[in-house]
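Report on one structure; see the data block that follows.
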Amino acid sequence: MTSHSNRSLFTEFLGTALLLCTVVGVGVTIGTVESTSPTELLIAVAAIVTVGSVIWQVTNYFVPTQLNPLITLALVARGRIEPTAGSEHIAAQVSGGLLGVVVGNTVFGLEMFSPATQTLITPSRYIGEFLVSAGLVTIDRKSTRLNSSHVKRSR
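Those letters in the sequence shown? Residues 0 to 154, by numbering that gives the first Met the number 0.
Set out below in structure tokens:
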């Protein structure tokens, strides 16, 4: 494993931890979805998108990162990264995500591992997850094109 891949895996780990800690913090702040107004939910989503974008930009300044196993799987499927490297990145993302949730829960006074209190298996949940995932893959594809055109022009 090279120093670049060590740096890349550490950046995936740390970036995903920060991202999930943010998600937990916003989730605790707005409370349950049922008692939250649509305006508060919109503000919460905007906060997550903003902070997530900053985290993504900062981590990508150092090394290319995905911060999401779905994006990593898409890159492996497209042949952009090797399956072995993809599995290492997914392991870093999952472990970073777990750390982020534990830290977020601890900071906001919850148990380190607290079960969800909302019903997780609902059609709206699946639709929301699909839309978020499709958005992430689209953002990754667009940014990859922008970054590659920038590299070509700077040579």
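From the three backbone atoms N, C-alpha and C, an ideal C-beta is built for every residue, glycine too.
For residue i, report the span of its alpha helix (DSSP H) as first-last.
i, result
"Asn67", "It is not in any alpha helix (DSSP H) - Asn67 carries neither H nor E in the DSSP assignment."
"Gly165", "Because the chain is modelled from 0 through 154, residue 165 falls outside the range shown and cannot be assessed."
Note down the Cα distance separating residue i from residue j, rounded to an integer number of angstroms.
i, j, result
"Pro63", "Val44", "24 Å"
"Ile47", "Thr21", "7 Å"
"Asn59", "Arg79", "16 Å"
"Gly24", "Pro82", "33 Å"
"Phe129", "Val50", "21 Å"
"Gly99", "Ala90", "14 Å"
"Ser7", "Val53", "17 Å"
Let me make sure I understand the geometry here. Which of the options has the alpha-carbon closest to that of residue i?
i, options, result
"Ala16", "Glu110, Ser36, Val102", "Val102"
"Phe9", "Pro82, Gln65, Pro37", "Gln65"
"Leu13", "Pro37, Val57, Thr28", "Val57"
"Leu18", "Gly108, Phe112, Asn67", "Asn67"
"Ala133", "Leu74, Leu109, Leu69, Gly108", "Leu69"
Check residue i in the structure and name its three-state DSSP category.
i, result
"Gly14", "helix"
"Lys151", "Note on Lys151: pLDDT 42, under 50, position unreliable in the model; no value is reported."
"Ile120", "coil"
"Thr114", "A quick correction: the sequence has Pro, not Thr, at residue 114. Coil."
"Leu109", "coil"
"Arg6", "helix"
"Gly186", "Given a span of 0 to 154 for the chain in the structure shown, any question on residue 186 remains unanswerable."
Confirm the yes/no value for this check: CB of residue i, any heavy atom of the ligand NAP, distance under 7 Å.
i, result
"Gly85", "Among the ligands in the structure shown, none appear at all, so the ligand NAP cannot be discussed."
### Message
If contact is defined by three or more beta carbon pairs under 8 Å, each pair taking one atom from either stretch, is the stretch 79–88 in contact with the stretch 41–57?
### Response
no
### Message
Pairs of beta-carbons, one from the stretch 92–108 and one from the stretch 121–131, closer than 8 Å: are there three or more?
### Response
no
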